[in-house]
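*Asks:* According to UniProt numbering, the residues represented by the sequence shown are 1 to 354, in order. Glycine is no exception: its CB is placed at the ideal position from the N, C-alpha and C atoms.
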Amino acid sequence: MKLNYKKLVILTGLLLIMIIAYKQESKETKSEVKSNENTKIAIIFNEAGLGDKAFNDLCYDGILRAQEELGIEFDYTQSKSKNDYEKFAREYASLKDYDLIISVGGEQESAVEKVSKEFPNQKFTIIDSKLELSNVSSISTKWEQQTFLNGVIAGLELSDSENKSVGIILGKDLEYLNEGAIGFEAGVKYVNPDVNVMKAVVGDFSDPAKAKEIALSMYNKGAVYIQQLAGKSGIGVFLAAKQVNKYAFGVDGNQNSFAPEHIVSTATRYANDIIYQEVKNIKNNSWSSGVHTIGLGENVIDYTREGSSVEIKKNTIKNVELIKNDIINKNIIIPKSSEQLNSWIKLNNYKINR
1 MKLNYKKLVI LTGLLLIMII AYKQESKETK SEVKSNENTK IAIIFNEAGL
51 GDKAFNDLCY DGILRAQEEL GIEFDYTQSK SKNDYEKFAR EYASLKDYDL
101 IISVGGEQES AVEKVSKEFP NQKFTIIDSK LELSNVSSIS TKWEQQTFLN
151 GVIAGLELSD SENKSVGIIL GKDLEYLNEG AIGFEAGVKY VNPDVNVMKA
201 VVGDFSDPAK AKEIALSMYN KGAVYIQQLA GKSGIGVFLA AKQVNKYAFG
251 VDGNQNSFAP EHIVSTATRY ANDIIYQEVK NIKNNSWSSG VHTIGLGENV
301 IDYTREGSSV EIKKNTIKNV ELIKNDIINK NIIIPKSSEQ LNSWIKLNNY
351 KINR
């Protein structure tokens, strides 16, 4: 019995050592897994949603690139209405599982403002906003610069035309889109002050039929070119241009290939790069809150004729490039409001380089 008792004590001791070692190994493994956890991102798209061939699709491309190159994980939602913005932001923040929540579009500003105050330790990024909060990175692109060069193209192309009318169609009456509208009009009148500019608002980013109806009305009133700033609704503008054999300008992602014989150029904005950089900043611990204003000088916006087969005058692009350099070098400061526009036009007139 003594021998058996000794054996039992030895066996019990060995068993305890094994259990302690196992627990220690488990702790180390769990800690190691935690330290290698992927960065998690949540992204909330606006009402236009994926498939808009513009802003949302670009942002989606950016998050996919971040997933592939940076190894992040992400979840996303597509909002059906403006009432979804706050709900989705709060749901993501409540999980306390995301390193960053990205809101696509300035129309989400009030939702981000409210929810970010409820969750002060959660980081948020919003594009097209000037929201100043300690846990929010607001990316504000210079819309007036983005559309200005398209306006210059339209104005130059109409310089020898009897018909001097253009149009601008917005998806919604939002500050940043109005800045884009002012930029386009300023570009037109910088080179051709006699051009008449029509403006209309669809009231929705996802109503191509209504946008087409508005565009057809503008074309029937004499508009030769229409700049659309309308999200998925902008597709209706392109369809109208094709129907009446007139012309349009795209925005954000290169839309020229949608109707190459009718889309003259696209005012590009590399929202994909913006999304990627915000995620990279999170990964590198270099993310910062505040308002970050970027434009032509930061290579975030531009214009492109790639994919368009619309013929334009020989010297139009030459003049556009000269004007582009003037903007980058701050020799041209583009107005952002209708109050500034009229006085700006009187003081600024480009002598066309022929």
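Restricting to Cα atoms, I'd like to know which of D75, G151, K82 and S140 is closest to T316.
*Replies:* That would be G151, whose Cα lies nearest to the Cα of T316.
*Asks:* With contact counted as at least three CB pairs below 8 Å, one residue from each stretch, are the segment 193-206 and the segment 131-143 in contact?
*Replies:* No, they do not touch.
*Asks:* Using the DSSP secondary-structure output, state which residues sit across from T77 in a beta bridge.
*Replies:* Answer is I44.
*Asks:* Does chain B have any CB closer than 8 Å to the CB of N281?
*Replies:* You won't find chain B in this structure, because it holds only one protein chain.
*Asks:* Between N245, N342, G253 and E213, which lies nearest to G231 when the distance is taken from Cα to Cα?
*Replies:* Looking at the Cα atoms, G253 is the closest of the given residues.
*Asks:* Identify, in the order they occur along the chain, each residue of the same chain with its Cβ nearer than 7 Å to the Cβ of L174, setting aside the five sequence neighbours on each side.
*Replies:* So the list reads G106 and E107, once near-sequence residues are dropped.
*Asks:* What is the C-beta distance between A181 and Y98, in whole angstroms, given that I count them as a contact (C-beta under 8 Å)?
*Replies:* Wrong, their Cβ atoms sit about 35 Å apart, outside the cutoff.
*Asks:* In its own chain, which residues sit with a C-beta less than 6 Å from the C-beta of V244, not counting the 5 before and 5 after it?
*Replies:* Cβ within range, chain order: Y219.
*Asks:* Between which two residues does the alpha helix (DSSP H) carrying F238 extend?
*Replies:* Looking at the DSSP string, the run of the alpha helix (DSSP H) that includes F238 is G234 to V244.
*Asks:* So for S26, helix, strand or coil by DSSP?
*Replies:* With a pLDDT of only 36 at S26, under 50, the local geometry of the prediction cannot be trusted, and the value read off the model is given with reservation. Residue state, collapsed to three classes: helix.
*Asks:* Look up I332 in the DSSP assignment and say whether it is helix, strand or coil.
*Replies:* Looking at I332 - three-state DSSP - the assignment turns out to be coil, as it is neither helix nor strand.
*Asks:* If we call anything under 8 Å between Cβ atoms a contact, is S233 one with G171?
*Replies:* For S233 and G171, yes; Cβs fall inside 8 Å.
*Asks:* Does the distance from the CB of residue 374 to the CB of S265 come in under 8 Å?
*Replies:* Since the displayed the chain opens at 1 and closes at 354, residue 374 lies outside it and no answer follows.
*Asks:* Can you give me the C-alpha to C-alpha distance between E28 and I333, rounded to a whole angstrom?
*Replies:* Note on E28: pLDDT 32, under 50, position unreliable in the model; the coordinate value appears next. Cα-Cα distance, rounded: 59 Å.
*Asks:* Leaving aside the five residues before and after E86 along the sequence, list all residues of the same chain whose C-beta is less than 7 Å from its C-beta, in chain order.
*Replies:* For E86, where only same-chain residues beyond five positions count, the Cβ hits under 7 Å are A111, K114 and V115.
*Asks:* CB-CB under 7 Å to A21, same chain, minus the five flanking residues each way: which ones, in chain order?
*Replies:* Residue placement at A21 is poorly supported in this model, since its pLDDT is 46, which falls under 50; the coordinates still yield a value, given next. Cβ within range, chain order: n/a, list empty.
*Asks:* With respect to the alpha helix (DSSP H) encompassing A66, which residues constitute its N-terminal and C-terminal limits?
*Replies:* It spans F55 to L70 - the alpha helix (DSSP H) in which A66 sits, taken as one unbroken run.
*Asks:* Taking the straight line between their C-alpha atoms, what separation do you get for T268 and G250?
*Replies:* Their backbone Cα atoms lie some 8 Å apart in a straight line.
*Asks:* What's the C-alpha gap between R90 and T77?
*Replies:* The alpha-carbon atoms of R90 and T77 are separated by roughly 12 Å.
*Asks:* Taking the alpha helix (DSSP H) that A209 belongs to, which residues open and close that run?
*Replies:* Segment P208 to N220, the alpha helix (DSSP H) holding A209.
*Asks:* What span of residues does the beta strand (DSSP E) with A200 cover, start to end?
*Replies:* Residues N196 to V201.
*Asks:* Of all the options L177, Y176, V188 and T147, which has the alpha carbon lying nearest to the alpha carbon of K164?
*Replies:* Among L177, Y176, V188 and T147, the Cα nearest to that of K164 is on V188.
*Asks:* Have a look at E339, G236, N299 and E278 and flag the residue whose alpha-carbon is nearest the alpha-carbon of N325.
*Replies:* Of the listed residues, the one whose Cα sits closest to N325 is N299.
*Asks:* Would you say A63 and F55 are within 8 Å of each other, going by their C-beta atoms?
*Replies:* It is worth fixing the name first, because residue 63 is Ile in this sequence and not Ala. It is not a contact, given that the beta carbons lie outside the stated cut-off.
*Asks:* Less than 8 Å between C-beta atoms, sequence neighbours within five positions excluded: which residues of the same chain meet that for A66?
*Replies:* So the list reads I41, I72, F74, I275, Y276, V279 and K280, once near-sequence residues are dropped.
*Asks:* Could you check how far apart the C-beta atoms of F238 and A223 are, in whole angstroms? I think they sit under 8 Å.
*Replies:* Contact doesn't hold; Cβ gap of about 14 Å is too wide.
*Asks:* Following the continuous alpha helix (DSSP H) through Q146, name the residue where it begins and the one where it ends.
*Replies:* Residues W143 to E157.
*Asks:* What did DSSP end up calling S35 once you bin it into helix, strand or coil?
*Replies:* Reliability fails at S35, whose pLDDT of 33 lies under 50, so the model's placement of it is uncertain and no value is given.
*Asks:* With H, G and I counted as helix, E and B as strand and the rest as coil, what does DSSP make of L131?
*Replies:* In this structure, L131 counts as coil in the three-state DSSP scheme.
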